[in-house]
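Before any comments, here is the structure.
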Amino acid sequence: MKKQFDLSSFIPTYPDFPKKGVNFYDITGLFKDPEVFALTVSKMTQLVEQYRPDRLFAIDSKGFLFAAPVAAHLGIGLSLIRKASKLPGKTERYTYELEYGTDTLECRAEDFDVSERLVVMDDVLATGGTLAAGIAVLRKLGGNVVGAVTSMEIGDLNGRAKLSEAGVPFSAMLYFPH
1155 MKKQFDLSSF
1165 IPTYPDFPKK
1175 GVNFYDITGL
1185 FKDPEVFALT
1195 VSKMTQLVEQ
1205 YRPDRLFAID
1215 SKGFLFAAPV
1225 AAHLGIGLSL
1235 IRKASKLPGK
1245 TERYTYELEY
1255 GTDTLECRAE
1265 DFDVSERLVV
1275 MDDVLATGGT
1285 LAAGIAVLRK
1295 LGGNVVGAVT
1305 SMEIGDLNGR
1315 AKLSEAGVPF
1325 SAMLYFPH
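In structure tokens form, the structure reads like this:
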């Protein structure tokens, strides 16, 4: 008989990190035990599968950890959304606002066909800025983004609202209120 796990119990919380008033949820606990990691991949695969994607796009860098095994399990392609100047070749960029400044994501049009159904994956949905930027850069290239999936959502930061504004359905494996 397989063990039953409460996956949230494998994510330690570090209060006041990286700054006072912020709780840091450390997803690396999901990777330490092979059975926990296998269950994580299985649950993430189920979330992605509902959108019937042809390709996953993983956001730099922790999104790579979740998207690679899910894409392999589903037998679909995986492409990357990287931070600025990390991809060779012709890229499209999207710059977005952070709390204190801006950041830029990029991807390549050659990494997908515009007829493909795309799902964007990242590790966590907090304010929604990074995931919304990933969706925006794909759309600049004509991408058909049909869903977004993360391992967890931090609810009181209201990132889900940004995805709703973008018209993209969203699913998270775990939910933390704050």
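Its first residue numbered 1155, the sequence shown is counted upward by one per residue in our numbering. Beta carbons: idealized from backbone N, C-alpha and C, even for Gly. If you're wondering where the values come from, they're calculated on a predicted model, not measured in any experiment.
Check                                                                                                                       : Outcome
Ordered list of beta strand (DSSP E) runs contained in the segment 1269-1305, each at least 3 residues                      : 1271-1279
Any 3 or more C-beta pairs closer than 8 Å across the segment 1199-1213 and the segment 1180-1191                           : no
Cut-off 8 Å between Cβ atoms - residues of its own chain near Arg1314, not counting five sequence neighbours on either side : Leu1279, Gly1282, Glu1307 and Phe1324
C-alpha gap between Met1155 and Phe1164, whole angstroms                                                                    : At Met1155 the pLDDT is 42, less than 50, meaning the model places this residue with poor confidence; the figure from the coordinates comes in the next sentence. Going from the Cα of Met1155 to the Cα of Phe1164 covers about 21 Å.
Under the three-state DSSP convention, the category Asp1257 falls into                                                      : strand
Buried versus exposed call for Lys1316 [16 or more other C-beta atoms within 10 Å across all chains shown]                  : buried
Coarse secondary structure for Met1155, derived from DSSP in three states                                                   : For Met1155, the predicted structure reports a pLDDT of 42, less than 50, and the residue's modelled location is therefore unreliable. A value from the coordinates is still provided. Met1155: coil per DSSP, three-state reduction.
Within the segment 1166-1246, ranges of the alpha helix (DSSP H) (whole runs, at least 4 residues)                          : 1183-1186, 1188-1203 and 1216-1228
Ala1226 classed as buried or exposed, judged by whether at least 16 other C-beta atoms fall within 10 angstroms             : exposed
7 Å CB neighbourhood of Pro1166 in its chain, flanking five on each side removed                                            : Asp1180 and Gly1183
Exposed unless 16 or more other CB atoms sit within 10 angstroms - verdict on Glu1319                                       : exposed
When Val1224, Val1273, Thr1194 and Tyr1248 are compared against Gly1301, the one with the closest alpha-carbon              : Val1273
Cβ neighbours of Tyr1250 in the same chain (closer than 8 Å, five flanking residues each side left out)                     : Thr1256, Asp1257, Thr1258, Leu1259, Gly1283, Thr1284, Ala1286, Ala1287 and Ala1290
Which listed residue (Val1322, Leu1219, Lys1240 and Lys1244) has its alpha carbon closest to that of Leu1232                : Leu1219
CB-CB length for Gly1217 against Asp1276, believed under 8 Å                                                                : 4 Å
Residue burial classification, Asp1170 (beta-carbon count within 10 angstroms, cutoff 16)                                   : exposed
Range of the contiguous alpha helix (DSSP H) that encloses Leu1317                                                          : Gly1313 to Glu1319
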